[in-house]
Amino acid sequence: MSASLSVLAAALLAASLGSPLRASASASASASAEETVRLQGVLRRAGDRSPLAGVPVLVYPAAEGARVGEVRDPLPATEDPPWLRRGETDENGGFVVDDLPSGLLTIEVLAPDYARGRWIVDGAKASSSRRGLQLFLRRDDAARYRTVVVRRRARQRIAGPAPVERQLSREEIRTLPGSQGDPLRALQSLPGVARAPFGAGLLVLRGANPRQSLVYVGDHPVPFAFHLSGLSSVLPPGAIGELTFAPSNFAPAFGNASGGLISLSPRAGRRDGYHGEAFFDLGGVGGLAEGPVGKGTFLASVRRAHLDLPLRAFGALNPNSPIIYPTYYDYQAFYDRPLGRGRRLHVGFIGAGDSLSFMSSKPPGGDREAYFEPRLSFHRVDMAYRAKLGDTSVLLTPALRLDQNRVLFGESSPQEPPEPRRAIVSTLRAQIDHALTESLTLTLGADAEIGRQTGEVASESSNGPDLYGAAGTSNTTSLSHAYLGLYGEATYRRRGTTIAAGTRFSGFVAERIDAFAVDPRLRLRQEVGERWTLTAAIGTYTQPWIGQVQGFSRLFGVESQSATPVGQLVLPYQIRQNFDPSLYYRELAMRPLRALQASAGGSVRLAESVELEAHGFVRDLADPHRPSSYLTAGELAYGGEFILRKRLTRRIYGWVAYTLMWGLRDLMQSDGSVRYSESPYDQRHNLVAVLSARLPRGWQIGGRFRLSSGLPYTPVVAAMGSASEFYPLYGVPLSDRFPLFHQLDLRVDKRWVLRRTVVSAYLDVLNVYNQQNTEAYFYSVDFRRRVGGLSMPILPLFGVRVEI
Amino acid sequence: MWLVTDARLMVIEQSVVATGGLSLPLAEDPPGVRRREGLPGDRLRLEAFFAGPEGPVDPVGPPIWIRSGFPYVTLRFAADIGPCGEDGLDLALQCRVLGDELTLPPVPMGGFQGRDENFVFMFASTSAEYDAEDCLDFYIRGGEGERFGCHYTRERLAYGPTYRVEELAGVELSAPESEPDYYAESLRAELRFSGPAGVRTQTAVSGEVVTMRADERLALELVADEEELQMVIEERLEFLSANFFASAPLLPESAFYSGSSLASVQAPDDDGAFLYFRVGEEGRPYSHHESWQWFYLQLVLGDPEAPPP
Chain A
21 MSASLSVLAA ALLAASLGSP LRASASASAS ASAEETVRLQ GVLRRAGDRS
71 PLAGVPVLVY PAAEGARVGE VRDPLPATED PPWLRRGETD ENGGFVVDDL
121 PSGLLTIEVL APDYARGRWI VDGAKASSSR RGLQLFLRRD DAARYRTVVV
171 RRRARQRIAG PAPVERQLSR EEIRTLPGSQ GDPLRALQSL PGVARAPFGA
221 GLLVLRGANP RQSLVYVGDH PVPFAFHLSG LSSVLPPGAI GELTFAPSNF
271 APAFGNASGG LISLSPRAGR RDGYHGEAFF DLGGVGGLAE GPVGKGTFLA
321 SVRRAHLDLP LRAFGALNPN SPIIYPTYYD YQAFYDRPLG RGRRLHVGFI
371 GAGDSLSFMS SKPPGGDREA YFEPRLSFHR VDMAYRAKLG DTSVLLTPAL
421 RLDQNRVLFG ESSPQEPPEP RRAIVSTLRA QIDHALTESL TLTLGADAEI
471 GRQTGEVASE SSNGPDLYGA AGTSNTTSLS HAYLGLYGEA TYRRRGTTIA
521 AGTRFSGFVA ERIDAFAVDP RLRLRQEVGE RWTLTAAIGT YTQPWIGQVQ
571 GFSRLFGVES QSATPVGQLV LPYQIRQNFD PSLYYRELAM RPLRALQASA
621 GGSVRLAESV ELEAHGFVRD LADPHRPSSY LTAGELAYGG EFILRKRLTR
671 RIYGWVAYTL MWGLRDLMQS DGSVRYSESP YDQRHNLVAV LSARLPRGWQ
721 IGGRFRLSSG LPYTPVVAAM GSASEFYPLY GVPLSDRFPL FHQLDLRVDK
771 RWVLRRTVVS AYLDVLNVYN QQNTEAYFYS VDFRRRVGGL SMPILPLFGV
821 RVEI
Chain B
3 MWLVTDARLM VIEQSVVATG GLSLPLAEDP PGVRRREGLP GDRLRLEAFF
53 AGPEGPVDPV GPPIWIRSGF PYVTLRFAAD IGPCGEDGLD LALQCRVLGD
103 ELTLPPVPMG GFQGRDENFV FMFASTSAEY DAEDCLDFYI RGGEGERFGC
153 HYTRERLAYG PTYRVEELAG VELSAPESEP DYYAESLRAE LRFSGPAGVR
203 TQTAVSGEVV TMRADERLAL ELVADEEELQ MVIEERLEFL SANFFASAPL
253 LPESAFYSGS SLASVQAPDD DGAFLYFRVG EEGRPYSHHE SWQWFYLQLV
303 LGDPEAPPP
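In order, the protein sequences belong to chains A and B.
Every number in my numbering is 20 more than the matching position in the first sequence, counting from 1.
Every number in my numbering is 2 more than the matching position in the second sequence, counting from 1.
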């Protein structure tokens, strides 16, 4: 009984629904001669809501029985419609189609790289709506991904025509397995960048000490580019427009570095409306907002890490092993404004802060204690004025920055923490580029860095350092410095040949001590045939070096072990050298380090978007003004990088990169001779293989495998002391190596493109097979026994991002 | 409590065997005691005690002693270190002690400040592969290879009593007048065994073999005659404290030990075990140096009431 009633009801419903359609269809047929409607609206890309310009819009009558609304997965029509009208979207995505009959109409949009869009609208209703139609077109899954930011021509090129100026597209940065979308971690998967101990935020470019390379954010350097955990750089990927990296042989415009250069360009906010994103992953939570403000645009972003949460969970399950909790924050705010007639203004505020707590294992009935906690931070404001006047470009950019470094010890530690180190640094650059002829461009510029730092200076007593590493005297003092550079370069470009020759003159002054350097630099590039490119470069790179922070670190002492409840932990030399916050000087002097860098190589395009590159490099660092008591006279690094790379086109990108290098340092012997021994950054083999593939329906999967030789460390060969208190006695410095490191990371992404938002989520599992790599050794109290530890555990990291 | 798994240096005992002109004559000390600290001109004997998992260990040959005014040995070659003069007045900052007795050098004006102390280094080997000379050479010049059979330590030379040192140094007196520090010759362990068979007590001196049953628990306390624990300041006695070591794990996790007593020691297994003690005297806040006294016991399983074979 009830069933038949419902059938009857359904039939009545269908009849009532059906009739208006038929009525309107006939009405439209009869009305076509009487009233016309106009369809207008805006066509945008689904997800980021960018307006789509220049896209044809077709209007034709709707089929029988069609329903108003968007047609999902429309198939191409099988027969021609009775009539067809055509319009096109303008530069704002707007379109207008006149003279249409009222009634149900089909709007169809077909654009390359986009899925077909089809909507059924009621002509009369749509015409009377004031707002007009808001249509969203979805990208085709297999389409090539285009970056949002247009590259600016006037941007400083850091290496220019020289061999290795590697770039990563934003899609590669976003989805590279093992890097959680971080640009500098993605960079660590490229050849020429060594794997640092603990995966720490140390950028070792072609064997150079991290303090010998510079990282630029915008037009000015930053004191550190990575947060301490090494899991994230100080800018989130959303705030970065471009990442360029030259492991050696960069342009004369840059100085104060003898290694390589990395440049992160801030992204200008979008003008087409307000957009934002909120992101959450186990590395941090943050948000970004951008949009127009007056005639310019702004972009602001802030981020706070809380990776300690899952690590605490892991730590609770493994109370007997020590663990590290990283926390950090960073913020960026940019304002960009075109001033008309080729001039632009940029104002930026950036800052970052970090702390890394080394936690002991959990004693029974107690809590873990942070026995060692380094902290860093910096804050910077900068401005850049660019103008392009005919054949001449001008850049003027000042900046001001505040830095702080400190280290805290646990309560049970007998050591007093050193005074924090604080610095205030101002940098300035002025540059003119002028095209003398079509092939010849001349660049002239000047840059300066002026700063003052205060901290704990520990100088040696006349007796030399204590066996246990305490310095003779230590007090808080300050140090000022000023570095000035003048540079000029001529670039000749014609028919596949590029020659850039220039020189940089630098003056360095610190506490009444000065040095002067002249660095000539030459870079060549030659295209051979359609597929080959050969490059070569040679030049000198002088860097001012203050004091000596090797060996006798105030923080770590001569013997660098620290007693932890698990055992005596000896941190590797590379960590000790780079994280001490005190200014430790043997003498308050500054001296120039000078590196001769030479690089040559070539690349061949094997297929569309597949390239094979091979480069050789040599870097010879001399320290001629060092005090006679110093043992290290210089460093030499040489080797080759190979990369077979498939750039992202439709679905797949990846590469296999292999670096083979030797890093040596000259050690003075007691009889005056020189012996070559390994430098602390000598990483013989470094192999990285990356592959990422886009699958239908917004899925993406990828993996990264990394295999690298262990870095050298100084072994403990005996112990000094009695009964219960021992100090390690070390063997020949850096004579032993950590074991081979290998790790596999896998990643899967899913992306949901909705009309007004894009939601992406990923799961990035680091160290998938939980390889226990040795990053440092824990020793028994008498140092006879040791166990390798502090490896990254298998770490699943997931992230979600919502963009509007 | 520490577990001794390899041969290690336990204690260095410094004792005065002859006085120079500045100290009270030895004849004035109580009979049978050894003076722990001396003044310039006194002759000091140095003894090193080693122990391992199988019991006390003798080094391979006598240890090498080097007296140094620096906290480390600076010379690059062992051959450059000349012998110490008999009167302690050599000009060299480092010298090799002949035998195991050295004469204490003068106290510098201003006293021992910062790191400028007078030290004695010891180099010894308990491994058959190398001897003390090899160990000294290895310490000075470094080198490849592990040398955990070498034992190195650095101790401050035992100067005292402190008020006399301050007088000689010409600094303002801060320490009270006191006698020189002595070793506690009457040092002994009061043992108390408890188990299903009842409770029994025993007293043992250093080196004694103590028998206990497998189901017994041992509590011990190190004691010395009160006369030997000196009055130091304000009528407070010195008291003993010790670091405890054993050659086998004999203590449960919850064992309690502190100061000079140890409780809940379990019986060893068939192989027996050794208990080692570094005994110090606390209560001397003005003491300039640290010196320990050596004491050890051997535990064996058995029936304590059975007659000896």
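Beta carbons are placed, not taken as given, at the ideal position from N, Cα and C, and that holds for glycine.
Predicted model only: the values in this text are computed from it and were never measured.
Residues that C152/B bridges to, as DSSP identifies them: S127/B
CB contact flag (L504/A, A468/A, <8 Å): yes
Exposure of T195/A, with buried meaning 16 or more beta-carbon neighbours within 10 Å: buried
Whole-number beta carbon distance between G751/A and G145/B, since they are thought to touch under 8 Å: 7 Å
Distance CB(P418/A)-CB(Q352/A) smaller than 8 Å: no
Beta-carbon proximity of L299/B to L277/B, cut-off 8 Å: yes
Start-to-end residues for the alpha helix (DSSP H) that takes in A206/A: P203 to L207
Nearest residue (CA-CA) to Y733/A, options D702/A, S712/A, L331/A and L711/A: D702/A
Listed by chain order, chain A residues near M3/B by CB distance under 7 Å: Within chain A, no residue comes near M3/B; the closest Cβ sits about 10 Å away, beyond 7 Å.
Neighbouring residues, chain B, relative to R8/A (Cβ below 7 Å): Residue 8/A is absent from the model: chain A starts at 21 and stops at 824.
Where T155/B meets chain A, residues with beta-carbon distance less than 7 Å: M740, G741 and S742
Buried versus exposed, by CB contacts within 10 Å (16 or more), I193/A: buried
Min CB distance L707/A to chain B below 8 Å: no
For R219/B and F195/B, the rounded distance between their alpha carbons: 6 Å
Buried/exposed call for D350/A, threshold 16 Cβ in 10 Å: buried
Simplified DSSP assignment, three categories, for I824/A: coil
Sequence-distant residues of the same chain with beta carbon closer than 7 Å to L252/B, five excluded per side: V267, Q268, P270 and A275
R37/B vs T105/B beta-carbon contact at 8 Å: no
Identity of the residue in Y782/A, S800/A, S712/A and G809/A nearest P759/A by Cα: G809/A
Inter-residue Cα distance where the pair is L303/B and D217/B: 10 Å
Proximal residues of chain A, C-beta to C-beta of Y141/B below 9 Å: A738, M740 and L749
Residue closest to S375/A, alpha-carbon to alpha-carbon, out of Y391/A, D411/A and Q563/A: Y391/A
For Q451/A, three-class secondary structure by DSSP: strand
Cβ-based burial, S176/B [other Cβ within 10 Å; buried from 16]: exposed
Chain B within 8 Å of G722/A, Cβ atoms only: no
Whole-angstrom C-beta distance between Y348/A and A325/A, which should lie under 8 Å: 5 Å
Residues of its chain near I14/B, where Cβ-Cβ distance is below 6 Å and the 5 sequence neighbours each way are ignored: A50 and E157
The segment 24-40 of chain B touching the segment 808-823 of chain A, judged by at least three CB pairs closer than 8 Å: no
Contacts around V88/A, its chain only, beta-carbon distance under 6 Å, and the 5 residues preceding and following it disregarded: I140 and D142
Distance CB(L542/A)-CB(A510/A) smaller than 8 Å: no
CB contact check: R202/B to chain A, cutoff 8 Å: no
Within-8 Å CB hit, L189/B to chain A: no
Segment limits, beta strand (DSSP E) that includes H382/A: Correcting the residue identity first, residue 382/A is Lys in this sequence and not His. Element bounds for K382/A: n/a, residue is neither H nor E.
For G808/A, the first and last residue of its enclosing beta strand (DSSP E): R806 to G809
Buried or exposed by the 16-neighbour rule on C-beta atoms within 10 Å, applied to R341/B: The displayed coordinates of chain B run from 3 to 311. Any statement about residue 341/B would go beyond what the structure contains.
Whether P76/A touches E108/A by CB criterion (8 Å): yes
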